[in-house]
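Asker:
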Amino acid sequence: MRKYVYKRPEVFTDAITTYCGGCGHGIVNKLMAELIDEIGLQENGILVWPIGCSCLSDRYYNMDAYMALHGRAPAAATGIKRADPSKCVIVYQGDGDLVSEGMAEIMHAGIRGEKFSVIFINNAIYGMTGAQMAPTTLLGQTATTAPAPLGRIVDNSGYPVKMAEILAELPGVVYSERVTVNSPARIVQCKKALKKAIELQLAGKGMSFVEVLSPCPTGWKMAPTKALDWIDDEMTKVYPLGVIKDASKEAE
Amino acid sequence: MGKKEFLQGNQAMAESAIRAGCKLYFGYPITPSSEVPEYYAKAMIERPEEGITFIQAETEVSAFNMVAGAVATGHRAMTATSGPGFSLGQEAVSYMSAGDLPGVIVEVMRPGPGDGEILASQGDYFQAVKGGGHGDYQTLVLAPYSVQEMCELMQESFELAEKYRNPVILLSDATLAKMRESVELPGYVPQKDPASKPNALRGCGKNEPHKVVTCGDGPVQWEEFNARLQEKYKRIAENEVRYKTYNLDDAEIILVAFGSMARVCESAMKMAREKGLKVGMIRPISLWPFPDKAFEGIIGKKFLVCELNAGQMVQDVKLAVENKRDVFFYGKLGGTTPSPKNVLAEIVKLGGESK
Amino acid sequence: MKNVVEIDFNRCKECGYCIRFCPKGVLSKGEKVNKKGYYPPVVSDGCIACGTCARVCPDTAITVYRED
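These protein sequence lines map, in sequence, to chains A, B and C. If you read the first sequence in this note's numbering, its first letter stands for residue 40, the second for the next number, and so on. If you read the second sequence in this note's numbering, its first letter stands for residue 6, the second for the next number, and so on. If you read the third sequence in this note's numbering, its first letter stands for residue 26, the second for the next number, and so on.
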């Protein structure tokens, strides 16, 4: 008699991910797969993927999917959800996609209160294109377009952008939480947040937003376990963890 | 059906789209196309039984991408825009063609370049026909010349977009958009279940997932992907050429014009005939695929291409004719439309003399 | 009752998270290299089948079960 403590989620295909070892995308993708199995989202779920390290993620799921143009995932998702509100639409974006190229799209999706769930992977760098600076890169953090010794400089590139707080200001955004995945306990909290974001959509409430601080060992030029530490040592100072907004009870 | 109504171009076109089953409109207001989103917004409130959704997008970039997302689910959707807005949408047009997405785009041309003017122009011919977006792609481009034709081609745009799984551009201009003419509106078109359309995003359950992916997987795969797209464009080119000819049999001078300029030329042709001048006209209705065959075999005649631009369609005419030295051009920039008398003067200049 | 941790040999990318977070320290870097050049971990005695390794693995390369 065999009793499984953990098994690979059913909705996953057999594809091996293209992510680097230790990448936070892999952990979040896994949590999404677990939730799809647990809640039963294969029936009416549509995943909207960005341009970035996760752009090929449609290959990892037996789910209908749309790989959007850079930054446009919230716009495409608006088209999908407005065409058929009965679908569960999950929007997944990285920092280049959501904060830079797609700033107008995410802001206005929040302004309109589009009833989909947004998962925002914040690794403070542009991974896929080779570790350039992102709007979320920390001051002094180095990147190929913010090289050593100064790294990101305020005069040149301004301050890191706190999307969970910015979106929380919009009445159409009913839920905004920032989480991370650098320990088992934090992974549990991340899954809770993702679950909440999905449940709010199924209950027909407005936009829910989960920002995940994610390790990028390759972009940050450190070993994966060091990257987990860097999130605590540096990232959470700029991007505090926690529920920024929960207006889900008041939302109609 | 059967009833004639005196309707504005933009509004009649919007009504025709609704009756074609396009219940989803995403767009940004821009003169001279704003009556289209306004019509949809009003219909959403006043005709709730029709289940219309109008979303005013933040930019045309977003609007075109909303259309792409919506049609990916098998529902019909459209946007209408002009000049600068059309430029913003080009990335998404390239994407929709690559992704086999049947988005319908109305482009109501106004003079450019830059912020430009808000009267009539045909200066976006290159952009629409040659493809303003990146990569090797094509879209069907249809150019009506009356409000009636605009209504009919509006409905056909949705059918053709779905037939080929490719975006269709309906090319209008400020004159056609704003003028009022007597029209018989087309009827309601019966709709198929969106989830039954090819590759529709619907929630796959235990069935084969459907995906919209336009990103390559290495040069070999990408060449195959492109070969398939080229096959699609070839089928469109073979089957969807449209044009009209007028008085060609004995014509010595043949006017070539599309859209509102074709109305002017039609009148100029009649005036010329009254003076005994042997003038005919070729009116392309599909600008892509361009009706090359309309020009085949016509030798020793003069073609006078009249456009509201600096000379765009004239290049395609030169490619289509037997001898490009037979092709002449009359154009107007800035937004004023020449009168039939102006065109007649050009005909006479070309050597057309009263007998 | 046997506690089993199965590591998908060619899926592992040697990030080290399972080794770091195993509460009993039963995982350590293996000596065999996989197709991609990574050294997947090996499991020694003392596993309690808590499933932590499987939950932290970014590649979902780990299956954990109890067997009679």
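Glycine included, C-beta positions come from ideal geometry on N, C-alpha and C.
If the cut-off is 7 Å on Cβ atoms, which residues from the region 320-343 of chain B count as contacting chain A, listed in chain order?
Answerer: The residues in question: there are none.
Asker: Could you round the C-beta distance between B:Q13 and B:K183 to whole angstroms and report it? I think they count as a contact, below 8 Å.
Answerer: Yes, B:Q13 and B:K183 are in contact; Cβ-Cβ is about 7 Å, under 8 Å.
Asker: Does the distance from the CB of C:K49 to the CB of C:C72 come in under 8 Å?
Answerer: Yes, these two residues count as a Cβ contact at 8 Å.
Asker: For the alpha helix (DSSP H) containing B:N244, name the first residue and the last one.
Answerer: Here the alpha helix (DSSP H) through B:N244 covers P224 to N244.
Asker: What do you get for A:A187, buried or exposed, if any count of 16 or more other CB atoms within 10 angstroms of its CB means buried?
Answerer: The residue in question, A:A187, is exposed, as its Cβ has fewer than 16 Cβ neighbours within 10 Å.
Asker: Apply the 10 Å Cβ neighbour rule to B:S187 and answer buried if 16 or more other Cβ atoms are within range, or exposed otherwise.
Answerer: Answer is exposed; the Cβ neighbour count stays below 16.
Asker: Quick check: what's the CA-CA separation for A:I158 versus A:L137?
Answerer: One C-alpha to the other measures close to 10 Å.
Asker: Quick one: any contact between the region 324-340 of chain B and the region 143-151 of chain B, if contact means 3 or more CB pairs under 8 Å?
Answerer: Short answer: they don't touch.
Asker: Are there 16 or more other CB atoms within 10 angstroms of the CB of B:K360, so buried, or fewer, so exposed?
Answerer: Interpretation of B:K360 is limited by its pLDDT of 43, a score under 50 that renders its predicted location unreliable; the figure taken from the coordinates is listed afterwards. Exposed, since its Cβ has fewer than 16 Cβ neighbours within 10 Å.
Asker: Considering only their Cβ atoms, is the gap separating B:P172 from B:L234 smaller than 8 Å?
Answerer: No, they are not a contact pair.
Asker: Enumerated in chain order, which unbroken segments of the alpha helix (DSSP H) with a length of 4 residues or greater are wholly contained in the region 36-98 of chain B?
Answerer: The qualifying runs are 40-51, 65-77 and 88-93.
Asker: For A:K42, decide whether its Cβ has a neighbour in chain C, counting only Cβ atoms nearer than 8 Å.
Answerer: Yes - at least one Cβ of chain C is within 8 Å of the one on A:K42.
Asker: Any chance you could list the alpha helix (DSSP H) runs of at least 4 consecutive residues sitting entirely within the region 153-224 of chain B, in chain order?
Answerer: Those alpha helix (DSSP H) runs which fall completely within the region 153-224 of chain B and span 4+ residues are 179-183.
Asker: To the nearest angstrom, how far is the alpha carbon of B:P37 from that of B:A62?
Answerer: So the two alpha carbons sit approximately 17 Å from each other.
Asker: Looking only at C-alpha atoms, which of A:T257, A:I283 and A:G65 sits nearest to A:T181?
Answerer: Closest option to A:T181, Cα to Cα, is A:T257.
Asker: What residue ranges within the region 203-260 of chain A form continuous alpha helix (DSSP H) runs of no fewer than 4 residues, ordered along the chain?
Answerer: Here the runs fully enclosed are 223-241 and 256-259.
Asker: Please state the DSSP three-state secondary structure of A:L70.
Answerer: Looking at A:L70 - three-state DSSP - the assignment turns out to be helix.
Asker: List, in chain order, every chain A residue whose beta-carbon is nearer than 9 Å to that of B:I60.
Answerer: Simply T117, G118, R121 and R151.
Asker: Could you check the C-alpha separation between C:R36 and B:G223 for me, to the nearest Å?
Answerer: Cα to Cα, C:R36 sits roughly 22 Å from B:G223.
Asker: Please report the Cβ distance between B:L309 and B:E351, rounded to the nearest whole angstrom; I am assuming they are in contact, meaning their Cβ atoms lie under 8 Å.
Answerer: B:L309 to B:E351, Cβ: 6 Å. Contact.
Asker: For B:E312, which beta-bridge partners are listed by DSSP?
Answerer: Beta-bridge pairing links B:E312 to B:G336.
Asker: Can you tell which of A:T264, A:L252, A:K288 and A:A262 has its C-alpha closest to the C-alpha of A:A163?
Answerer: Answer by Cα proximity: A:L252.
Asker: May I have the straight-line CA-CA distance separating C:D93 from C:A86, to the nearest angstrom?
Answerer: Roughly 23 Å between the two C-alpha positions.
Asker: On the three-state DSSP scale, how would you describe A:R111?
Answerer: Here A:R111 sits in coil by DSSP.
Asker: Ends of the alpha helix (DSSP H) at C:V51?
Answerer: Run containing C:V51: none; DSSP gives neither H nor E here.
Asker: Between which two residues does the beta strand (DSSP E) holding B:P289 run?
Answerer: From DSSP, the beta strand (DSSP E) with B:P289 extends over V284 to P289.
Asker: Mind checking B:A17: buried by the 16 CB within 10 Å criterion, or exposed?
Answerer: With 16 or more other Cβ atoms within 10 Å, it is buried.
Asker: Under a CB-based cut-off of 8 Å, is C:G50 close to chain A?
Answerer: So no, C:G50 is outside the interface.
Asker: Does the CB of C:K116 have a neighbour CB from chain A at under 8 Å?
Answerer: Limits of chain C in this structure are 26 at one end and 93 at the other, which puts residue 116 of chain C out of reach.
Asker: Which residue from A:V282, A:L189, A:K244 and A:D123 puts its Cα closest to that of B:V76?
Answerer: Comparing Cα positions, the closest option is A:D123.
Asker: In chain order, what residues of the same chain have a beta carbon less than 8 Å from the beta carbon of B:A205, not counting five sequence neighbours either side?
Answerer: These residues qualify, in order along the chain: A77, T78, G79, P199 and H215.
Asker: Compute the Euclidean distance between the alpha carbons of B:M71 and A:A115, then round it to the nearest angstrom.
Answerer: The straight-line gap from Cα to Cα measures roughly 5 Å.
Asker: Against B:P172, what residues of chain A qualify as contacts under a CB-to-CB distance less than 9 Å, listed in chain order?
Answerer: What B:P172 touches in chain A: nothing, since even the nearest Cβ is about 14 Å away.
Asker: Could you tell me which chain A residues have their CB closer than 8 Å to the CB of C:E92, listed as they occur along the chain?
Answerer: Those within 8 Å of C:E92 in chain A are M40, R41 and K42.
Asker: Taking all protein chains shown into account, do 16 or more other C-beta atoms lie within 10 angstroms of the C-beta of B:F295, making it buried, or fewer, making it exposed?
Answerer: That one is buried.
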